[in-house]
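Colleague: Keeping their order, the protein sequence lines are chains A and B.
For the first sequence, my numbering assigns the number 1 to the initial residue and increments by one for each residue that follows.
For the second sequence, my numbering assigns the number 216 to the initial residue and increments by one for each residue that follows.
From the three backbone atoms N, C-alpha and C, an ideal C-beta is built for every residue, glycine too.
Computed from a predicted structure; not experimentally measured.
2 protein chains.
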Amino acid sequence: MITLTEENYLKTILVLSMEKGYVPVHVLSQELNVKMPTANSMMKRLADKELVYFEPYKPIRLTEKGKTEAALILRRHRLTETFLFERMGLGWEHVHSIAEQIEHIQSGLFFDRMDEMLNFPETDPHGEPIPTKEGVILPSSRTRLSNHKEGETVCFTAVNDSSEEFLRFLNNKNLKLGTAIKIESIEPYDGSLTVSYDDRQEILSKMVADKMLVT
Amino acid sequence: MITLTEENYLKTILVLSMEKGYVPVHVLSQELNVKMPTANSMMKRLADKELVYFEPYKPIRLTEKGKTEAALILRRHRLTETFLFERMGLGWEHVHSIAEQIEHIQSGLFFDRMDEMLNFPETDPHGEPIPTKEGVILPSSRTRLSNHKEGETVCFTAVNDSSEEFLRFLNNKNLKLGTAIKIESIEPYDGSLTVSYDDRQEILSKMVADKMLVT
DNA sequence: ATAATAGATTAGATTAATCTAACAATAGAA
DNA sequence: TTCTATTGTTAGATTAATCTAATCTATTAT
Numbered sequence: 001m002i003t004l005t006e007e008n009y010l011k012t013i014l015v016l017s018m019e020k021g022y023v024p025v026h027v028l029s030q031e032l033n034v035k036m037p038t039a040n041s042m043m044k045r046l047a048d049k050e051l052v053y054f055e056p057y058k059p060i061r062l063t064e065k066g067k068t069e070a071a072l073i074l075r076r077h078r079l080t081e082t083f084l085f086e087r088m089g090l091g092w093e094h095v096h097s098i099a100e101q102i103e104h105i106q107s108g109l110f111f112d113r114m115d116e117m118l119n120f121p122e123t124d125p126h127g128e129p130i131p132t133k134e135g136v137i138l139p140s141s142r143t144r145l146s147n148h149k150e151g152e153t154v155c156f157t158a159v160n161d162s163s164e165e166f167l168r169f170l171n172n173k174n175l176k177l178g179t180a181i182k183i184e185s186i187e188p189y190d191g192s193l194t195v196s197y198d199d200r201q202e203i204l205s206k207m208v209a210d211k212m213l214v215t
Numbered sequence: 216m217i218t219l220t221e222e223n224y225l226k227t228i229l230v231l232s233m234e235k236g237y238v239p240v241h242v243l244s245q246e247l248n249v250k251m252p253t254a255n256s257m258m259k260r261l262a263d264k265e266l267v268y269f270e271p272y273k274p275i276r277l278t279e280k281g282k283t284e285a286a287l288i289l290r291r292h293r294l295t296e297t298f299l300f301e302r303m304g305l306g307w308e309h310v311h312s313i314a315e316q317i318e319h320i321q322s323g324l325f326f327d328r329m330d331e332m333l334n335f336p337e338t339d340p341h342g343e344p345i346p347t348k349e350g351v352i353l354p355s356s357r358t359r360l361s362n363h364k365e366g367e368t369v370c371f372t373a374v375n376d377s378s379e380e381f382l383r384f385l386n387n388k389n390l391k392l393g394t395a396i397k398i399e400s401i402e403p404y405d406g407s408l409t410v411s412y413d414d415r416q417e418i419l420s421k422m423v424a425d426k427m428l429v430t
């Protein structure tokens, strides 16, 4: 049996290790708002349960079993966020903290029904992939806008930052998911991009281009 | 701060004390599937927090504060049950255990939205009253069918037992909420009733008539 | 190369929620 | 009224999840 708290650790490790494949203890503890010894002793527990690999003074890695468990929690989280947003009309700014709680509900039926009502979505409204029922996270084949070259045309499909401010910024520029964006030029000094879309031209800072995911 | 477990105790005390106004420790512990000493020490905690009145060897009573808190938990429970049933199409047999978990979600917004989507219902689909946002339980003015006399005509508005078997039984007899029932006669020996409704006549045992609430 | 700093671990304490075993009180029956 | 069975309480232990204080390891800068 995995406790609610253990679930939170697993999900956080998964999200934090998406890039590098592992997480140092202090990063995990910071993210979860607990002190390092707390995270440390929890890692021993999760290692006993064969959910993580953990050796003294080395960073944390999920085992296959741990990865699957974590993906299923992430699935419930994103499914719930999508449901709260699309079927209950709650604002994005509220959706996350409620989903953090609902993701721990023990009921396959409940989440299956959500899935059904949402027509088995593959991504959440932010474009983040929803892991499958088997606990597999399909690679979203998305890259950062800032990773592309001059002359390329890409499709804006997701964001990296769900803060209200950022979403408002995108709204102001009329940058919607699905918009085709052409990179006209890149400023070598600060990495800012001149882009065109919908018959308009804008300059986006590197900070912004880092947060925009495209295909 | 009231913990999740404390919430479960409060809600259970409220439900169990609906009739008599108080609950003995052993009844509470049985209902919650914990041993008596566990319930006992929890009562000390709740008494410290001024949520219950509790003196050694005397039964438990809720304080006003405790009653309000408990009613708000019951509100969330019944609102959730109604939502799962009416808006998500889940069966009654599944709805209770999921609502037991969701009732503890910390988010006024979430429950307000449910309330709104359900058009501010006053009772759940079983006819049980949903306490108000202020934590007031409006008396439902319902009585047991078995408390009525020969010749009376009453409206069947709620049940006392949500078991699948009982609901199936009612279904078989075509006894739906809202049905007008006339009591033709009462058998003095075993208390069974001869009733008529929808142009048919049936005999209901006392056991059944105890579980049917009417106005 | 060594000292300073950042990061990780150990030891020991705390609180919530539970248990078992042993003891105490109350109420109903003889 | 006294005994016995039911109900309630105390004491002490356990597990999960957290903390602080002290210590250890590793990396980085001089």
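#1: Roughly how many angstroms separate the alpha carbons of Phe85 of chain A and Met114 of chain A, rounded to a whole number?
#2: With a threshold of 8 Å between beta-carbons, can Leu118 of chain A be considered close to chain B, or not?
#3: What residue range does the alpha helix (DSSP H) around Leu170 of chain A cover?
#4: Could you pull out every residue in the same chain whose Cβ sits closer than 8 Å to the Cβ of Leu192 of chain A, ignoring the five residues on either side in sequence?
#5: Can you check whether the CB of Phe111 of chain A is closer than 8 Å to the CB of Arg76 of chain A?
#6: Given a cut-off of 8 Å on the beta-carbon distance, is the pair Glu265 of chain B and Ile288 of chain B in contact?
#7: Looking at the C-beta of Ile317 of chain B, does it have a partner C-beta in chain A at a distance below 8 Å?
#8: Please check the pair Ser411 of chain B and Trp307 of chain B, which I expect to be a contact at CB under 8 Å, by giving their CB distance rounded to whole angstroms.
#9: Could you tell me if Arg415 of chain B is buried or exposed, where buried requires 16 or more neighbouring beta carbons within 10 angstroms of its beta carbon?
#10: Could you confirm whether any beta carbon from chain B is found closer than 8 Å to the beta carbon of Ile73 of chain A?
#11: I'd like to confirm the pairing. Which residues does DSSP put opposite Arg359 of chain B in its beta bridges?
#12: Would you report the Cα separation of Pro252 of chain B and Val240 of chain B, rounded to the nearest angstrom?
#13: Can you check whether the C-beta of His96 of chain A is within less than 8 Å of a C-beta belonging to chain B?
#14: Could you check where the beta strand (DSSP E) with Leu243 of chain B kicks off and where it finishes?
#15: With a 10 Å radius around its C-beta and 16 neighbouring C-beta atoms as the bar for buried, classify Ser312 of chain B as buried or exposed.
#16: Can you check which of these residues, B:Glu349, B:His341 and B:Lys364, is closest to Ser355 of chain B by C-alpha distance?
Modeller: In short:
#1: Your numbering for residue 85 of chain A matches position 85 in the first sequence. Your numbering for residue 114 of chain A matches position 114 in the first sequence. Looking at the two C-alpha atoms, the distance is approximately 12 Å.
#2: The residue given as residue 118 of chain A occupies position 118 in the first sequence. Output row for Leu118 of chain A: interface = no.
#3: By 1-based counting over the first sequence, the position of residue 170 of chain A is 170. Judged by DSSP secondary structure, Leu170 of chain A falls within the alpha helix (DSSP H) whose first and last residues are Glu164 to Asn172.
#4: Within the first sequence, the letter at position 192 stands for residue 192 of chain A. Correcting the residue identity first, residue 192 of chain A is Ser in this sequence and not Leu. For Ser192 of chain A, where only same-chain residues beyond five positions count, the Cβ hits under 8 Å are Ile186, Ile203, Leu204, Ser205, Lys206 and Ala209.
#5: Along the first sequence, one-based indexing puts residue 76 of chain A at 76. Along the first sequence, one-based indexing puts residue 111 of chain A at 111. Yes, they are a contact pair.
#6: Taking the first residue of the second sequence as position 1, residue 265 of chain B is located at position 50. Taking the first residue of the second sequence as position 1, residue 288 of chain B is located at position 73. Inclusion of Glu265 of chain B and Ile288 of chain B in the CB contact set at 8 Å is not warranted, their separation being larger than that value.
#7: Locating residue 317 of chain B in the second sequence gives position 102, counting from the first residue. Chain A has a Cβ within less than 8 Å of the Cβ of Ile317 of chain B.
#8: By one-based count along the second sequence, residue 411 of chain B stands at place 196. By one-based count along the second sequence, residue 307 of chain B stands at place 92. About 27 Å; that fails the 8 Å criterion.
#9: One-based indexing of the second sequence puts residue 415 of chain B at position 200. For Arg415 of chain B, the number of other beta carbons within 10 angstroms of its own is below 16, and it is reported as exposed.
#10: Position 73 of the first sequence, counted from the first residue, corresponds to residue 73 of chain A. False, the Cβ-Cβ gap to chain B never drops below 8 Å.
#11: To locate residue 359 of chain B, count along the second sequence from 1; it is residue 144. B:Leu428, per the DSSP bridge assignment.
#12: For the purposes of this step, residue 252 of chain B is identified with residue 37 of the second sequence, where counting begins at 1. For the purposes of this step, residue 240 of chain B is identified with residue 25 of the second sequence, where counting begins at 1. Approximately 9 Å between the Cα atoms of the pair.
#13: Translated into positions along the first sequence, residue 96 of chain A becomes position 96. Taking Cβ atoms only, chain B never reaches closer than 8 Å to His96 of chain A, which makes this a no.
#14: The residue you call residue 243 of chain B lines up with position 28 of the second sequence. Boundaries for Leu243 of chain B: no beta strand (DSSP E) harbours it, while the alpha helix (DSSP H) harbouring it runs Val240 to Glu246, taken from the DSSP string.
#15: In the second sequence, residue 312 of chain B corresponds to position 97, counting from 1. For Ser312 of chain B, the number of other beta carbons within 10 angstroms of its own is below 16, and it is reported as exposed.
#16: Within the second sequence, numbered from 1, the residue matching residue 355 of chain B stands at position 140. Residue nearest to Ser355 of chain B within the set B:Glu349, B:His341 and B:Lys364 is B:His341 (criterion: CA-CA distance).
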